[in-house]
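**Student:** To start, I am sharing the structure in question, which I have written as structure tokens.
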Amino acid sequence: MNRKIWSTLICTASVITLLVGCGKSTTESVAVATTVPTKAAASTPAAEKVTLTLLANQDWANNPIVKKAWSLYEEKTGNKLDIQGVPIDSWEKVMKTKFATGEMTDIVMYYGGYQLSAIQPDKNFVDMSAEPWVADLKDFVLPQVKVKNKVYGLPIWEGSVSGMLYNKAIFAKYNIKVPTTQEEFLAACETLKKNGVAPIYMAFKDTWPLLPQFGFDPVFKKDATLLDKLNANQTKFADVKEMKDLVGWYKLLADKGYLGDKFSTNTWDGQPAAIASGKYAMIYAWDTYIDSDLEKKEPGISSKIGLMPSFMGVNNEGTYEGPNAIATYVNKNSKHVDQAKAFIKFLADTKNLNEIYKDQKTQTYFNSVTTNIPTPQYVAAKESVDKLINASVQQNIIGYSQVEAVKPIQDLMLGSKTVDQAIKAMDDERIKSAKAQKAPGFE
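Sequential numbering of the sequence shown, starting at 1, is according to this note's numbering.
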């Protein structure tokens, strides 16, 4: 899940050119597929091949669905993609800097909703609203790819269900049933700790994997007016009681020792080995992560992993977060705008979509795709998921950043801030960003 979003500060960062589908530092030449031309086409000059530049954060660039899409495009068209992958903790600032300096790539991967509004899609991206593939999008994803009722991006991405992943063997060993309340969850954590197992592996060092947005969803669902009030600067996180419960939850986990002894050094890359080692029992993540990351790094582990609700201090029965789409956009000011639009058209073709998603363990955003398969973990937990799933809200919070909003929570966990101070810092950063965007109500 991914995932799981997201200042106008200029920063410098090393932009790493990735090999499509491999993450290496050079671009691989791709052989051009040959076809037998018809008589009508024989006299038509072959279209000149092009190399399109694409900006994304490194984690997105390594997603298997995305890699399959890029590889298929190169294979079938003979064109190439120059992937510029940026570390997740700096890539948003790098992206905004590129727009400000007129150095943006031909294609960009980014969120939708209000986070997309922050980078002025009407000035920077091609409006795709009239494209035929828009009618193929499932209803639930439309709010995530629209801004002011215009569609700008194609969501070639996983359709995940976020919650907690747990090691079924460890739960069975200590006779722990899947918790259905926060009380049961904390009791399970205590049992695990007493038996020398750290209940939760949290990739604290990378900041964003704390994923407090999982806890936002039931809070915003409970109060249907909250999002509009927050985005109109009529209320703050500090005014919402549940935000104190949510932020305080992280302090509780740290103080109880439920994250292990040296949680501040834990990284996202170290997570697969940690959950496979038996030293940790649970992680906050999403069902598609099992196949895309865990199984690839720890072969055979997928059958040992189950899916259960996230417990985050705000909903007694826990919560699941629905898919959080990442979309692909065309820079309308690119010198290759027509070729970049053709790239989107290629990916959106029904035949190509079904090839991209073939046997991928994920939900999809397209009605015409039938080749994907749901994850076994989703199937096993479907009754619970159907009851507790909530739409992802974080990408629609003006000024919210998955990185900057989490740093105050880290300070809280390490003892340098109180709960109230952490929430105030989250509000201050959010409002600062909203003002920089000149969002209505924040002038």
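Virtual Cβ for every residue (Gly too), placed ideally from N, Cα, C.
These figures come from a predicted structure and were not determined experimentally.
Can at least three beta-carbon pairs, one atom from the stretch 129-146 and one from the stretch 302-318, be found at a separation below 8 Å?
**Tutor:** Counting Cβ pairs under 8 Å, fewer than three are found: no touch.
**Student:** Can you list, in chain order, the residues of its chain with a C-beta nearer than 6 Å to that of Thr53? Leave out the 5 residues immediately preceding and following it.
**Tutor:** Contacts found: Asp82, Thr105, Asp106.
**Student:** Is the Cβ-Cβ distance between Leu454 and Gly313 less than 9 Å?
**Tutor:** Here the chain covers residues 1 to 443 and nothing more, so residue 454 does not appear.
**Student:** Under 9 Å, do Trp91 and Ala118 count as touching if we go by C-beta distance?
**Tutor:** The answer is no: Cβ separation not under 9 Å.
**Student:** Determine the direct distance from the alpha carbon of Lys80 to that of Gln402, and round the result to whole angstroms.
**Tutor:** If you take the alpha carbons of Gln402 and Lys80, they lie about 31 Å apart.
**Student:** Tell me, please, which residues DSSP counts as bridged to Met312.
**Tutor:** Its beta-bridge partners do not exist; DSSP assigns none.
**Student:** Can you check whether the CB of Gly196 is closer than 9 Å to the CB of Val147?
**Tutor:** Contact: no.
**Student:** Assuming Ser264 and Phe343 make a contact with CB atoms under 8 Å, what is their CB distance in whole Å?
**Tutor:** 41 Å between Cβ atoms; not a contact.
**Student:** Let's test the definition: count the other Cβ atoms within 10 Å of the Cβ of Ala31 and tell me whether it reaches 16, buried, or not, exposed.
**Tutor:** Any answer about Ala31 is weak, because its pLDDT of 34 lies below 50 and its placement is not dependable; what the coordinates show is given next. That one is exposed.
**Student:** How would you write the range of the alpha helix (DSSP H) that Lys194 sits in, first residue to last?
**Tutor:** Run containing Lys194: 182-194, per the alpha helix (DSSP H) assignment.
**Student:** Does the Cβ-Cβ distance between Lys438 and Ala238 come in under 9 Å?
**Tutor:** Not in contact: Lys438 and Ala238 (Cβ atoms no closer than 9 Å).
**Student:** Can you check DSSP and say which residues form a bridge with Thr328?
**Tutor:** Per DSSP, Met109, Leu154.
**Student:** Leaving out five residues on either side along the sequence, give the residues of the same chain with a beta carbon under 6 Å from the beta carbon of Tyr174.
**Tutor:** Closer than 6 Å at the Cβ level, and outside the excluded window around Tyr174, lie Thr191, Asn195.
**Student:** Using the three-state DSSP reduction, which class does Thr288 fall into: helix, strand or coil?
**Tutor:** Here Thr288 sits in helix by DSSP.
**Student:** In three-state terms, what does DSSP make of Pro147?
**Tutor:** According to the sequence as given, residue 147 is Val; it is not Pro. Strand, per DSSP.
**Student:** Have a look at the DSSP bridge pairing and note the partners of Ile305.
**Tutor:** Bridge partners of Ile305: Asn167.
**Student:** Residue ranges of each alpha helix (DSSP H) run of no fewer than 4 residues wholly in the stretch 317-383, ordered along the chain?
**Tutor:** The qualifying runs are 337-348, 350-356, 376-380.
**Student:** To the nearest angstrom, how far is the alpha carbon of Glu443 from that of Thr77?
**Tutor:** Approximately 47 Å between the Cα atoms of the pair.
**Student:** Going by beta-carbon coordinates alone, are Thr445 and Thr375 separated by less than 9 Å?
**Tutor:** The question about residue 445 has no answer here: the residues shown for the chain are numbered 1 through 443.
**Student:** Just to confirm before moving on: does the CB-CB distance between Leu165 and Ile397 stay below 9 Å?
**Tutor:** Cβ atoms of Leu165 and Ile397: not closer than 9 Å.
**Student:** Quick check: what's the CA-CA separation for Asn352 versus Lys382?
**Tutor:** Approximately 29 Å, taken between the alpha carbons.
**Student:** Going by DSSP in three states, Leu477 sits in which element: helix, strand or coil?
**Tutor:** The structure shown does not extend to residue 477, since the chain is modelled only from 1 through 443, so no value can be given for it.
**Student:** Please report the straight-line C-alpha distance between Val337 and Asn149, rounded to a whole angstrom.
**Tutor:** Using only the alpha carbons, I get a separation of about 22 Å.
**Student:** Express the C-alpha separation of Val50 and Gly102 in angstroms, rounding to a whole number.
**Tutor:** Taking the straight line from one Cα to the other gives about 20 Å.
**Student:** Return the chain-ordered list of same chain residues with a C-beta closer than 8 Å to the C-beta of Thr35, the five sequence neighbours on each side being excluded.
**Tutor:** Since pLDDT at Thr35 reaches only 37, below the 50 mark, its modelled position is unreliable, and no value is offered.
**Student:** Is it buried or exposed, Thr371, if we count other Cβ atoms within 10 angstroms and call 16 or more buried?
**Tutor:** Exposed, since its Cβ has fewer than 16 Cβ neighbours within 10 Å.
**Student:** Are at least three pairs of beta-carbons, each pair with one atom in the stretch 151-165 and one in the stretch 322-337, less than 8 Å apart?
**Tutor:** Cβ pair count under 8 Å is three or more, so yes.
**Student:** Check whether the Cβ atoms of Val393 and Lys168 lie closer than 9 Å to each other.
**Tutor:** Cβ distance not < 9 Å, so Val393 and Lys168 don't count as in contact.
**Student:** To the nearest angstrom, report how far apart Glu75 and Lys68 are at their CA atoms.
**Tutor:** Rounded to whole angstroms, Glu75 to Lys68 spans 10 Å at the Cα level.
**Student:** Tell me the DSSP secondary structure of Thr101 in three-state form.
**Tutor:** Helix at Thr101.
**Student:** Taking the alpha-carbon positions, what's the Tyr152 to Ser384 distance?
**Tutor:** About 34 Å.
**Student:** Which class does Ile397 belong to by DSSP, given the choice of helix, strand or coil?
**Tutor:** Here Ile397 sits in coil by DSSP.
**Student:** Report the CB separation of Leu253 from Pro272 in whole angstroms; it is logged as a contact under 8 Å.
**Tutor:** About 21 Å separates the two Cβ atoms, so there is no contact after all.
**Student:** Where does Pro179 fall in DSSP's three states?
**Tutor:** It is coil, neither helix nor strand.
**Student:** Out of curiosity, what's the CA-to-CA distance linking Pro199 and Lys345?
**Tutor:** One C-alpha to the other measures close to 46 Å.
**Student:** Quick one: Cα of Trp133 to Cα of Val66, how far?
**Tutor:** So the two alpha carbons sit approximately 18 Å from each other.
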